[in-house]
Amino acid sequence: MQSQQRDPSGCVSLERAVSRDRSYGDLQGGGSLLLGARSACSGNTAEGRWTQVITVVTGGAGFIGRSLVKRLLALAGKMDEIVLLDNLGRHGVSAGLTRLLSDPRVRLVEADLSEPDGFESVPGPVDRVYHLAARMGVAPVTNAPADALRTNTLSTLRVVEWFAESGSPEARLLFASSSEVYGSAHEAGIKIPVPTAEAVPGVIADLENPRFSYALSKMWGEVYARFADVGAGRRVVSVRYHNVYGP
């Protein structure tokens, strides 16, 4: 990654902040998934290079979302804005979330993204979208597989369509998929190495198993995000998380 160049107000030069492009994801800090470190802040310079960056994190109240926002704040400019979209149904307002919301650059919007009005309170145009929100967990998914499919597919559909309408000309979207898409590949005789390359086939071996409703929703999300028309200048990347842990 090129070194970032700031003006006296602390803004980052957009020309210097463009990192190397690897599937449109900036893998920095030992593998953290950050979409193009185009951190900047509003204001004008003689060369007109400075602008506000608006980032949206769906599922921002969750464990991964809070950790991501903490990292984004460390990179953000003084006038940038980070909007957390979450229905607060799983984690509620935790102490960690409260600490994040004490930063004036962070705003929480309680919303159900599977509903059409889920994005009404989000400013636009947006520059970065991290779609982490999903119905997940072995017990919740197994007990209500149809609900998991409905929630995850509809929310992803609406996020991608909203991104196509409200994204800035060079906006980036990250879709959080899962290692669950590999499903029962090993049962089909397919070797799953670790680390696991994207070329390893996704497999749903048993459609009668309610657990695989989650994997199916993530497979669908990857395919839809890949082929949806989001505009020529906008980019989308999917990542498959494997057993994320931490404080």
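With my numbering applied, the sequence shown covers 653 to 899.
For every residue, glycine included, the Cβ atom is placed at its ideal position computed from N, Cα and C.
Where residue i falls: helix, strand or coil (DSSP)
i: Y876; result: helix
i: V855; result: coil
i: Y897; result: coil
i: S818; result: helix
i: D799; result: helix
i: V774; result: coil
i: A791; result: helix
i: H783; result: strand
i: E860; result: coil
i: L740; result: coil
Test item: CB-CB of residue i and residue j under 9 Å
i: R759; j: E733; result: yes
i: R742; j: A823; result: no
i: T808; j: G748; result: no
i: V811; j: L801; result: no
i: L720; j: G770; result: no
i: N739; j: E762; result: yes
Same chain only: Cβ atoms within 7 Å of residue i, ignoring 5 sequence neighbours per side
i: V790; result: R863
i: S675; result: Because the pLDDT of S675 is 36, which lies under 50, any placement of that residue in the model is unreliable, and the number read from its coordinates should be weighed accordingly. These residues qualify, in order along the chain: V889.
i: V875; result: none
Proximal residues to residue i (C-beta, below 6 Å), its chain only, five neighbours per side dropped
i: T803; result: S766 and R787
i: G714; result: H743
i: A880; result: V812
Any chain B beta carbon closer than 9 Å to residue i
i: A828; result: Absent from the structure: chain B. Only one protein chain is present.
Residues near residue i by beta carbon distance below 8 Å, same chain, minus five either side
i: L725; result: I734, L752, D755, R757 and V758
i: Y893; result: I716, A828, S829, S830 and S831
Three-pair Cβ contact test at 8 Å for the stretch 806–820 versus the stretch 837–852: Cβ pair count under 8 Å is below three, so no.
Unbroken stretches of the beta strand (DSSP E), 3 residues or longer, contained in the stretch 746–770: 758–762, all fully within the stretch 746–770.
At least 3 beta-carbon pairs within less than 8 Å: the stretch 706–720 vs the stretch 765–783: As far as the Cβ criterion goes, the stretch 706–720 touches the stretch 765–783, which means the pair count is three or higher.
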